[in-house]
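Protein chains in written order, with this note's numbering: chain A, 7 to 119; chain B, 276 to 387.
This is the structure:
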């Protein structure tokens, strides 16, 4: 069935390096994507979103890239900090599904000093 | 500027009891969503509500689960006759429209 999945379950980076978290989606009808960060014991925190009419969107230290041809989404975090350690989820919103978000399983990012 | 509020944060129920989870959306948000998260899993959509209306309940189990968002007061997710498989974190999110959804801290339900 349609699904959202992440390529890597865990990612370890050194403080100050850039991080790239990838996400593949299979639903070509998806037109809205969001990245969330979830720290242990907390709810998901909105990071950045992108609509399907865009290829790239930048925020503070974060960039989301969308490649609709290969149905791939990535989150880039510049100058990764220890506070960035968390689980990162990509979520998609298929245009036909109304408002429900379809989440991937998550990538655990560990930032080492 | 309070965010989405959920209570209780932790709830322990014995098998067969009822669980009631409450969610107060952010001020000005009229859209409420409930999601369930199992350990080391992503969130799974359950139901989407607007005031006094269930818009999409395609992710809700057919039995024992119900949700409401009354004109006054918080949204309630109700689980009747809980079983061990209901143990999970339940998250509520709200949004002003079809935009980013803001999540609450969750209710961790443990069924013993």
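All C-beta atoms, glycine included, are put in the ideal place defined by N, C-alpha and C. Only a predicted model underlies this, so the values are computations on that prediction, with no experimental measurement involved.
Item to check | Coil, strand or helix - residue 100 of chain A by DSSP | outcome: Indexing the first chain from 1 puts residue 100 of chain A at position 94. DSSP places residue 100 of chain A in strand when its eight states are reduced to three.
Checklist entry - Is the CB of residue 314 of chain B under 9 Å away from at least one CB in chain A? => result Locating residue 314 of chain B in the second chain gives position 39, where the first residue counts as 1. So, not an interface residue.
Checklist entry - What three-state label does DSSP hand residue 90 of chain A in the structure shown? => result Here residue 90 of chain A refers to the residue found at position 84 of the first chain. Of the three classes helix, strand and coil, the one that applies to residue 90 of chain A here is helix, per DSSP.
Item to check | residue 359 of chain B, DSSP secondary structure in three states | outcome: As a working mapping, residue 359 of chain B is identified with position 84 in the second chain. Residue 359 of chain B falls in the helix class under three-state DSSP.
Next on the checklist: Determine, for residue 42 of chain A, whether the minimum Cβ-Cβ distance to residues of chain B falls below 9 Å.
Outcome noted: To locate residue 42 of chain A, count along the first chain from 1; it is residue 36. So yes, residue 42 of chain A belongs to the interface.
Checklist entry - Can you tell me whether residue 57 of chain A is buried or exposed, with buried defined as 16 or more other CB within 10 angstroms of its CB? => result Taking the first chain and counting its residues from 1, the one referred to as residue 57 of chain A is at position 51. Exposed: under 16 other Cβ atoms inside 10 Å.
Checklist entry - If you follow the beta strand (DSSP E) that residue 312 of chain B is part of, which residue opens it and which one closes it? => result Counting from 1 along the second chain, the entry for residue 312 of chain B is found at position 37. Taken as a continuous stretch (DSSP letters only), the beta strand (DSSP E) holding residue 312 of chain B covers 306 to 312.
Item to check | Reduced DSSP secondary structure (H/G/I, E/B, other) of residue 61 of chain A | outcome: Position 55 of the first chain holds residue 61 of chain A. Residue 61 of chain A falls in the coil class under three-state DSSP.
Item to check | Beta-carbon spacing of residue 279 of chain B, residue 49 of chain A below 9 Å | outcome: As a working note, residue 279 of chain B is residue 4 in the second chain. As a working note, residue 49 of chain A is residue 43 in the first chain. Yes, the Cβ-Cβ distance between residue 279 of chain B and residue 49 of chain A is below 9 Å.
Checklist entry - Alpha carbon to alpha carbon, how far is residue 37 of chain A from residue 108 of chain A? => result Stepping through the first chain from its first residue, residue 37 of chain A is reached at position 31. Stepping through the first chain from its first residue, residue 108 of chain A is reached at position 102. Distance between the alpha carbons of residue 37 of chain A and residue 108 of chain A is about 12 Å.
Item to check | Separation of residue 22 of chain A from residue 312 of chain B, as counted between CA atoms | outcome: To locate residue 312 of chain B, count along the second chain from 1; it is residue 37. To locate residue 22 of chain A, count along the first chain from 1; it is residue 16. Whole-angstrom Cα-Cα distance: 31 Å.
Checklist entry - Hey, residue 281 of chain B and residue 367 of chain B are a contact pair by Cβ (cut 8 Å); roughly how many whole angstroms apart? => result Along the second chain, read from residue 1 onward, the residue named residue 281 of chain B stands at position 6. Along the second chain, read from residue 1 onward, the residue named residue 367 of chain B stands at position 92. Indeed, because the Cβ distance is near 5 Å, the residues count as touching under 8 Å.
Next on the checklist: Distance cutoff 9 Å, beta carbons only. Does residue 107 of chain A sit that close to anything in chain D?
Outcome noted: Annotation note: the requested chain D is absent from the structure, which comprises protein chains A and B.
Item to check | For residue 387 of chain B, the three-state DSSP class (helix, strand or coil) | outcome: As a working mapping, residue 387 of chain B is identified with position 112 in the second chain. Residue 387 of chain B: coil per DSSP, three-state reduction.
Checklist entry - Shorter than 9 Å from the beta carbon of residue 116 of chain A to some beta carbon of chain B? => result As a first step, residue 116 of chain A is located in the first chain; it is residue number 110 there, counting from the start. Cβ-Cβ to chain B under 9 Å: no for residue 116 of chain A.
Checklist entry - Using DSSP with H/G/I as helix, E/B as strand and the rest coil, what is residue 301 of chain B? => result Locating residue 301 of chain B in the second chain gives position 26, counting from the first residue. Correct three-state label for residue 301 of chain B: coil.
Checklist entry - When DSSP labels each residue in this structure, what does residue 51 of chain A get in the three-state scheme? => result Taking the first chain and counting its residues from 1, the one referred to as residue 51 of chain A is at position 45. Strand at residue 51 of chain A.
Checklist entry - Going by the beta-carbon positions, is the gap between residue 330 of chain B and residue 343 of chain B smaller than 9 Å? => result Within the second chain, the letter at position 55 stands for residue 330 of chain B. Within the second chain, the letter at position 68 stands for residue 343 of chain B. Cβ distance not < 9 Å, so residue 330 of chain B and residue 343 of chain B don't count as in contact.
Checklist entry - Going by Cα to Cα distance, which pick from B:290, B:283, B:374, B:285 is closest to residue 355 of chain B? => result For the purposes of this step, residue 355 of chain B is identified with residue 80 of the second chain, where counting begins at 1. Among B:290, B:283, B:374, B:285, the Cα nearest to that of residue 355 of chain B belongs to B:290.
Checklist entry - Smallest Cα separation from residue 348 of chain B: which of B:284, B:307, B:336, B:285? => result Within the second chain, residue 348 of chain B is the residue found at index 73, counting from 1. Restricting attention to B:284, B:307, B:336, B:285, the CA atom closest to the CA of residue 348 of chain B is found in B:307.
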